[in-house]
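The structure appears below as structure tokens.
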Amino acid sequence: MSQAEMTAGSVRGRTVRAKAASFLQRQGALVALVAVAVFAFARYERFLTEENLTNVLRQNSMLGLVALGMTFVILTGGIDLSVGSLVAVAGVVAAGLADRGILAAVAAGVGVATALGLVNGLVIAKARIQPFIVTLAMMIAARGVALVYTGEKTLSVPAGAQAFRELGRGRVDLGAFSAPYPVLILLAAYALGWFVLNYTRFGRHTYALGDSEEAARLMGLNVGRVTVGVYTLSGALAGLAGVLLASRLGTGQPVAAVGWELDAIAAVVVGGTLLTGGQGGVGSTLVGMLLLALIFNIFNLEGWISPWWQLVLRGVILLAVVVVQNRLSRRK
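Just add 51 to wherever you are in the sequence shown, counting from 1, and you've got my numbering.
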């Protein structure tokens with residue numbers, strides 16, 4: 052074999068490996084999701100029952116909304132550690148106003164969280180402080196606000212606020228089609244998020260900012276506006292998640308959603324969105340969220356894995372995914 056043929060073969064080999072690495076980075080979570088679903092179907096009779104699947108989707112719908120907002124933030128190369136606390140603030144505010152009608156409760160809960168997300172974005176964009184520091188401070192402050200607002204107590208949703216309770220517990224029944232309201236809201240939010248990222252100027256600017264902030268500035272993009280926009284959106288979705296959580300539980304809990312920021316980041320990263328920004332999407336996050344939900348559902352169906360060991364396995368899974376992503380990115 053000539054030197055030219057050997058060189059051509061080496062180039063083709065590197066090209067194939069690069070394409071394989073790119074495919075795994077983009078679709079690896081989907082392949083894993085299918086594999087996990089097939090395994091669960093073969094092992095557990097209860098897995099494909101309507102009750103089990105409905106519970107999995109309903110229980111993870113609120114976290115899915117938080118992860119959707121986190122996706123926009125991470126695509127810009129940022130991070131939002133305050134979302135768990137914003138969920139709690141929105142929940143207690145909505146529960147406290149539930150007796151004034153569902154519109155007032157939802158608007159107030161989502162509005163407060165949106166305003167706090169706006170504060171995050173303004174401080175990051177105008178003061179040029181690292182998102183980690185700003186959102187960490189907001190995480191602490193917002194949790195304190197929730198505790199002060201409730202007097203460190205759980206707020207019960209009044210028995211008469213049936214419309215508000217129905218938002219998190221009810222479902223749509225149309226003959227053969229039936230789905231809980233939180234799941235429908237989740238799907239609608241992801242569909243809208245996909246459209247925004249792929250077909251709007253804001254979506255294109257979000258990717259551009261994640262690729263390179265300096266390049267985005269040189270292109271004339273309003274980097275500050277995009278930054279404020281993604282953190283405001285993250286706050287709004289966290290607020291919606293908090294309202295749904297309070298409706299489902301029938302209480303507003305100031306200590307709710309502790310650690311949700313890490314679970315949301317895990318869903319985004321497992322789905323294939325890079326922590327450095329610029330690559331990924333809401334579809335990837337939805338796949339990542341479903342993959343983690345099915346894995347933890349399998350833990351529960353097994354019955355012998357304690358909640359503490361589940362936390363250990365969560366950390367191991369997340370670390371493994373980040374390591375694999377890093378290697379695939381380098382190979383690509």
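Cβ coordinates follow ideal geometry from the N, Cα and C atoms, glycine included.
key: Option nearest LEU218 by Cα separation, candidates VAL338, LEU237, VAL117, ALA307   = LEU237
ask   = Closest by CA to VAL372, which one among GLY354, GLY322, GLU96?
value = GLY322
request  = In the DSSP assignment, find the unbroken alpha helix (DSSP H) run with ARG220 in it and report its ends.
outcome  = 213-220
ask   = Between the beta-carbon of THR201 and the beta-carbon of PRO358, is there less than 8 Å?
value = no
task = Would you tell me roughly how many angstroms separate the C-alpha atoms of THR205 and THR302, rounded to the nearest one?
result = 7 Å
query = Residue range of the beta strand (DSSP E) that SER229 falls in?
reply = 228-231
request  = Using a threshold of 8 Å, state whether the C-beta atoms of ALA118 and ALA242 are closer than that.
outcome  = no
Beta-carbon proximity of THR257 to LEU248, cut-off 8 Å = yes
ask   = Should ASP406 be labelled buried (16 or more other beta-carbon atoms within 10 Å of its own) or exposed?
value = Residue 406 lies beyond the residue range present for the chain, which begins at 52 and ends at 383; the question has no answer from this structure.
message = Would ALA141 and ALA155 qualify as a contact pair, given that the criterion is a beta-carbon distance under 8 Å?
response = no
task = Could you tell me the distance, in whole angstroms, from the CA atom of LEU352 to the CA atom of GLU101?
result = 15 Å
key: Segment contact, 8 Å Cβ cut-off, at least three pairs: the region 107-121 with the region 259-279   = no
Validate contact between the region 285-300 and the region 354-368 using beta carbons, cut 8 Å, 3 pairs = no
ask   = Where does ASP131 sit, in a helix, a strand or coil, going by DSSP?
value = coil
Exposure of ILE191, with buried meaning 16 or more beta-carbon neighbours within 10 Å = exposed
ask   = Name the DSSP bridge partner or partners of THR302?
value = SER207
query = What is the DSSP secondary structure of LEU325, reduced to helix, strand or coil?
reply = coil
query = Taking the DSSP output, what are the residues bridged to ASP224?
reply = SER229
ask   = Hey, is the region 339-353 in contact with the region 79-99, meaning 3+ C-beta pairs nearer than 8 Å?
value = yes
request  = State the start and end residues of the unbroken alpha helix (DSSP H) segment that holds THR105.
outcome  = 101-126
query = How big is the Cα-Cα spacing for ASN400 and ALA91?
reply = Only positions 52 to 383 of the chain appear in this structure, which leaves residue 400 out of reach.
ask   = Start and end of the alpha helix (DSSP H) containing GLY162?
value = 153-178
ask   = In terms of alpha-carbon separation, which member of LEU284, ALA266, GLY226, PHE228 lies closest to PHE253?
value = LEU284
ask   = Which of the three DSSP states, helix, strand or coil, is assigned to THR251?
value = coil
query = So THR127 packs on LEU260, CB below 8 Å; how close in whole Å?
reply = 5 Å
request  = Measure the alpha-carbon distance for ALA159 versus PHE215 and round it to whole angstroms.
outcome  = 13 Å
query = If we count the other Cβ atoms within 10 Å of its Cβ and call it buried at 16 or more, is ARG151 buried or exposed?
reply = exposed
query = Using the C-alpha atoms, what's the distance from LEU169 back to PHE183?
reply = 15 Å
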